[in-house]
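Using this note's numbering, read the sequence shown as starting at 62 and increasing by one per residue.
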Amino acid sequence: MEARKILSQVDRATELVRNGTERPSLRVGILDASYDSAPLILHEVQERHPELKIRQVRTGLSQQYQWLLDGRLDVGFGRAFLAPPEIASKLFRLDRMGVLTATHHPFAELESVPVSSLAGQPVMLADQEQAPELHHLVMELCRSADVVPELYHGSCDSIQGAVFLVAMGRCVLCIPASGTPALPQVCWRPLSSPGALYPWSVLWRQGNESSYVREVVTCAQELSREHGWLQDISAEPPQMPPGSATVPLPQLASLDPPSRGRQRSRRRTTPQQDIVAIFRTMSIVPRISPVT
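What follows is the structure in structure tokens.
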């Protein structure tokens, strides 16, 4: 039965090409390419519909709302908090907030990082234009713990861009777990006291009856069950006070530690060596002049 389904999909895609028919497209808004939820979901959609042309656009949440309303996007991914009433949503993941830090940073030796420990640490906040919800989320967590973080004097519009500074120990970055890059120079630790969850939802315009939009929602729900993205937590986040941007996570320290496990101490390297190693993981060979 599965083989017949696959052959049917291939035949349908071949027929479209043979007849010169324009392939159907799906325009998708994503916050950052580093977050793994959207790629996993879209991969599953593409597997089921090889005839579909998927176009991903990296854009902030407020822009996603606007483009969904005016028809420039079919689907978005992000937090449904304060979405206009014309935007429909389906929650599929509650993502732990944590700290991305260099492996030689003291935070790397902890199982979880209390929010109060951010005091005195150079914290890079998410770019205000690209991800204002993450910017406000971190500030809200700090206020809840009566902490005034030392803000890093620069910013990046993507997690990938911030990794270099984090690996060099210039700053730490507060992000959801799903955005953790698989690089040996950095590690992620969950925030605690208080802990928080970032709620991911599929977003689409009310009244959009596209079968491909429904397929995205279906795949998101199936992958959520398969990977335990909602675990034993209620499928709908609790009601939060006006202005709140996060779902609280009580007793975070009692939950199982993240699957990445605790990073052990490693051989110290120079910042230049760390940068070269990161570039190599991205198949880039940088040209670095020797210091005289």
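Every residue, glycine too, gets a C-beta built ideally from N, C-alpha and C.
Which of helix, strand or coil DSSP assigns to residue i
i, result
"S95", "coil"
"L161", "strand"
"R321", "Residue placement at R321 is flagged as unreliable, the pLDDT there being 34, under the threshold of 50; a coordinate-derived value is accordingly withheld."
"L130", "helix"
"P145", "coil"
"A180", "strand"
"R154", "strand"
"S326", "Confidence in S326 is poor, its pLDDT being 39 and thus under 50, which makes the residue's placement unreliable; the coordinate value appears in the next sentence. Here S326 sits in coil by DSSP."
"S101", "Note that residue 101 corresponds to Leu in the displayed sequence, not to Ser. DSSP places L101 in helix when its eight states are reduced to three."
"E194", "helix"
"H166", "coil"
"L291", "coil"
Cβ-based neighbour list, residue i, same chain, cut-off 8 Å, excluding 5 preceding and 5 following
i, result
"A144", "Y126, S150 and L264"
"R116", "S86, L87, R88 and V89"
"L291", "L152, F153, R154, L155 and S285"
"H196", "L186, A187, D188 and Q189"
"Q282", "K151 and F153"
"V274", "L87, D135, V136 and W265"
6 Å CB neighbourhood of residue i in its chain, flanking five on each side removed
i, result
"S219", "D93"
"D188", "S216 and D218"
"S388", "The structure shown has nothing for residue 388, since the chain only spans 62 to 353."
"P210", "L179, V184 and C203"
"C232", "P183, M185, Y213 and L226"
"L128", "The sequence as given places Trp at residue 128; Leu does not occur at that position. Cβ neighbours of W128 beyond the five flanking positions: L134."
"S50", "Examination of residue 50 is not possible in this model, given that the chain is present from 62 through 353 alone."
"I91", "A99, Q117, R119 and F138"
"P114", "Note that residue 114 is Lys in the sequence shown, not Pro. The residues are R84 and S86."
"L103", "I115"
"T241", "W249"
For residue i: DSSP bridge partner residues
i, result
"V106", "The partner list for V106 (beta bridge, DSSP) is empty, contrary to what the question assumes."
"L87", "I115"
"F138", "V263"
"P175", "S253"
"M185", "L234"
8 Å contact criterion, which residue i and residue j should meet: CB distance rounded
i, j, result
"A206", "P237", "Their Cβ separation, rounded to whole angstroms, is 18 Å, which puts A206 and P237 out of contact at 8 Å."
"L161", "V247", "6 Å"
"P260", "R140", "6 Å"
"R250", "L171", "6 Å"
"M158", "L234", "Rounded, the Cβ-Cβ distance is 11 Å, inconsistent with contact."
"Q191", "G121", "5 Å"
"A163", "A228", "5 Å"
"G230", "H288", "The Cβ separation is near 32 Å, so there is no contact."
Own chain partners of residue i with C-beta closer than 7 Å, once the 5 adjacent residues on each side are dropped
i, result
"V208", "V176, S177, L179 and A180"
"L101", "L284"
"A223", "M185, C217 and L234"
"E147", "L130, R266 and Q267"
"V278", "K151 and V263"
Residue-level contact to chain D via CB, residue i, 9 Å cutoff
i, result
"Y213", "As a matter of chain content, chain D is missing from the structure shown, which is built from one protein chain."
Could I get the ranges of all uninterrupted alpha helix (DSSP H) runs contained in the region 206-286, with 4 residues as the minimum, in chain order? Unbroken alpha helix (DSSP H) stretches of 4 residues or longer found wholly inside the region 206-286: 220-228, given in chain order.
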